[in-house]
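In mature numbering (1 follows the signal peptide of the UniProt record, and there is no 0), the protein residues as written are -19 to -1, 1 to 198.
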């Protein structure tokens, strides 16, 4: 029991998950930005509810309703573009580190039949490996269960290592930008000082020439 609890806590700590919901209208595209390292599995689950004007509530039943899911990489390349139903799971594997844009848009031609065309979209995004499927684990004997859990933990360790490497890359990039910015600020300060000194010398020379011309000195 203790080992299962520890395994669950480790899985909960490792897995990165974002759950949210938002409202959308006809032909309206909603996008979120997910920053993920390269070679990482990203899985999304969504469910669409439509507004019922009679019950004044959102209902799960939405026959004929679909959602276009589009995923764009940091290099502006589309790696996923597909039409799904009102409830679906989509996934993709990143090959570039950086911000991936995930967009959802309803198939608006079918939304015309829905009064008000108001939708609520529940979205759950998971980055990296998922939680263990306990139903699969229970179906295995003790030896296979241990092996299964060990393999899963090894995969999670690889994912942690990948996340750490990505964070180090981002930290190094940010440090380089900071150093470059500091260097630019230093040279700009030196240039300003040089300009002020030059203006001061020019003003002193101008005043001296003026006084000499007026025979005040």
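Note that the Cβ used here is the ideal one computed from N, Cα and C, for glycine as well.
Checklist entry - Would you call residue 188 buried or exposed, if buried means 16 or more other Cβ atoms sit within 10 Å of its Cβ? => result Burial check for residue 188: the Cβ neighbour count within 10 Å stays below 16, so the residue is exposed.
Checklist entry - At which residues does the beta strand (DSSP E) containing residue 69 begin and terminate? => result Run containing residue 69: 68 to 75, per the beta strand (DSSP E) assignment.
Next on the checklist: I'd like to know whether the C-beta atoms of residue 3 and residue 102 end up nearer to each other than 8 angstroms.
Outcome noted: Contact flag set, yes.
Item to check | Enclosing beta strand (DSSP E) for residue 63 [first to last residue] | outcome: 59 to 65 is the extent of the beta strand (DSSP E) around residue 63.
Item to check | Alpha-carbon spacing of residue 152 relative to residue 159, whole angstroms | outcome: Roughly 10 angstroms between the two C-alpha positions.
Next on the checklist: What does the Cβ neighbour count give for residue 145, buried or exposed, with the cut at 16 atoms within 10 Å?
Outcome noted: By the neighbour-count criterion, in which 16 or more other beta carbons inside 10 Å mark a residue as buried, residue 145 falls on the exposed side.
Next on the checklist: Does the stretch 48 to 61 come into contact with the stretch 75 to 85, if we say contact requires no fewer than three beta-carbon pairs (one atom in each stretch) closer than 8 angstroms?
Outcome noted: These segments touch.
Next on the checklist: Can you find the residues in the same chain that come closer than 8 angstroms, C-beta to C-beta, to residue 28, ignoring five residues on each side of it along the sequence?
Outcome noted: Excluding positions up to five away in sequence, the list reads 41, 67, 68, 102, 103.
Next on the checklist: Assuming the contact rule is C-beta atoms closer than 8 angstroms, residue 46 and residue 87 should be a hit. Round their C-beta distance to whole Å, please.
Outcome noted: Rounded to the nearest angstrom, the Cβ distance from residue 46 to residue 87 is 7 angstroms, consistent with a contact under 8 angstroms.
Item to check | Extent of the continuous beta strand (DSSP E) to which residue 47 belongs | outcome: Membership of residue 47 in any beta strand (DSSP E) is not indicated, and neither H nor E is assigned to it by DSSP.
Checklist entry - Given residue 71, which residues of its chain have a CB within under 6 angstroms of its CB, disregarding the five upstream and five downstream residues? => result Taken in chain order, the residues that qualify are 25, 50.
Checklist entry - Just the Cα atoms here: how many angstroms apart are residue 96 and residue 63? => result With a pLDDT of 46 at residue 96, under the threshold of 50, the modelled position of this residue cannot be trusted, and the question is left open.
Checklist entry - Any idea what DSSP makes of residue 26, helix, strand or coil? => result In the structure shown, residue 26 sits in a strand (DSSP, three-state: E or B).
Item to check | As assigned by DSSP and simplified to three states, the class of residue 15 | outcome: Strand.
Next on the checklist: Am I right that residue 22 and residue 109 are in contact with their C-beta atoms under 8 angstroms? What's the rounded C-beta distance?
Outcome noted: Correct: roughly 7 angstroms between the Cβ atoms.
Next on the checklist: Going by beta-carbon coordinates alone, are residue 76 and residue 19 separated by less than 8 angstroms?
Outcome noted: Yes, Cβ-Cβ distance for residue 76 and residue 19 is below 8 angstroms.
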